[in-house]
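What follows is one structure encoded as structure tokens, with my remarks underneath.
In my numbering, the protein residues as written are 3 to 264.
Structural data, given as structure tokens:
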């Protein structure tokens with residue numbers, strides 16, 4: 003069998019659509035993290051060192067892949083902050099979170115951590131993917147996930163492990179929700195995509211990389227996503243601080259907003 007020529011492999015990589023590229027990066031980064039995680043956890047490495055190792059390895063891999071295959075695009079990454087200042091004038095900006103949910107990544111048995119890869123093009127998402135590596139799952143904007151039907155007596159609200167945002171309390175009380183807690187923002191949003199939950203509400207602080215890919219995938223699946231006041235989500239702003247976020251089933255959107263604002 004003839005070995006694949008390097009130039010042929012490069013043509014194959016260049017032929018990837020942005021959505022295919024995003025999904026491949028999310029999957030391969032997740033595989034790298036899974037392979038790194040188990041030896042670290044079994045060796046008794048401190049949680050802080052597990053977190054740092056995961057962040058560094060995932061960032062390095064994504065940076066190399068983006069430089070190799072999308073060299074003209076700008077990048078906004080949690081691990082590099084605003085170091086790539088090209089993004090202020092760029093039409094295409096990759097917004098990535100190499101490891102969302104470092105706390106969960108560092109805890110044995112937890113599956114609620116994620117990899118986020120999104121492409122913001124001028125004023126909209128043109129591609130994105132979220133992988134949940136410990137669940138061997140990836141969700142992309144193309145093909146978009148199919149939103150499953152749900153049949154529950156009460157809406158299921160998903161929120162943070164360590165705090166209940168005030169907006170979430172208002173929604174839980176207003177809609178009589180059952181509550182579920184998870185770690186990573188990507189894991190929470192994908193729980194709504196998968197039909198495991200109906201509403202995800204957050205306030206109190208986030209950055210663009212926390213929600214970019216989850217929002218893109220959620221909207222591609224037909225879910226509602228916005229700021230807490232109902233305004234559209236906007237990315238690649240000068241300040242990447244994006245403090246609040248809603249993802250929910252579209253039929254619940256009006257009730258969610260009404261619960262928050264009366």
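Even glycine gets a Cβ: it sits at the ideal position worked out from N, Cα and C.
- Secondary structure at residue 148: coil, using DSSP grouped into helix, strand and coil.
- Counting along the chain, the unbroken beta strand (DSSP E) around residue 162 starts and ends at 158-162.
- If one requires a minimum length of 3 residues, the beta strand (DSSP E) runs lying completely within the stretch 189-219 are 201-204, in chain order.
- Cβ neighbours of residue 194 within its own chain (closer than 8 Å, five residues either side excluded): 160, 200, 201, 202, 220, 225, 249, 250 and 251.
- Comparing alpha carbon positions, the residue from 114, 107, 115 and 128 closest to residue 97 is 128.
- Residue 100 and residue 262 have their C-alpha atoms roughly 32 Å apart.
- In this chain, the alpha helix (DSSP H) harbouring residue 169 covers 168-177.
- Counting C-beta atoms within 10 angstroms of its own C-beta, residue 53 has 16 or more neighbours from the protein chains shown and is therefore classed as buried.
- Distance check between residue 157 and each of 77, 184, 197 and 131 places 197 closest, using alpha-carbon atoms only.
- The bridge partners DSSP lists for residue 98 are 79 and 119.
- Selection 39, 66, 76 and 257 evaluated against residue 121 yields 76 as nearest (Cα-Cα).
- Contact between residue 110 and residue 43 holds, since their C-beta atoms are separated by about 5 Å, short of 8 Å.
- Proximity to residue 144 across 39, 232 and 223 peaks at 223, based on C-alpha coordinates.
- Residue 147 counts as buried, since no fewer than 16 other beta carbons sit within 10 angstroms of its beta carbon.
- Boundaries of the beta strand (DSSP E) around residue 141: 139-142.
- Look at residue 246 here: in three-state DSSP terms it is coil, with no helix or strand label.
- For residue 230, the secondary structure class from DSSP, reduced to helix, strand or coil, is coil.
- A Cβ-Cβ separation of about 3 Å places residue 218 in contact with residue 130 under the 8 Å criterion.
- Excluding residues up to 5 positions away in sequence, 75 and 123 lie with their Cβ nearer than 6 Å to the Cβ of residue 94 in the same chain.
- In the same chain as residue 173, and ignoring 5 residues on each side of it, the C-beta atoms closer than 7 Å to its own belong to 159, 179, 201, 203, 258, 261 and 262, in chain order.
- Proximity to residue 72 across 177, 90, 20 and 36 peaks at 20, based on C-alpha coordinates.
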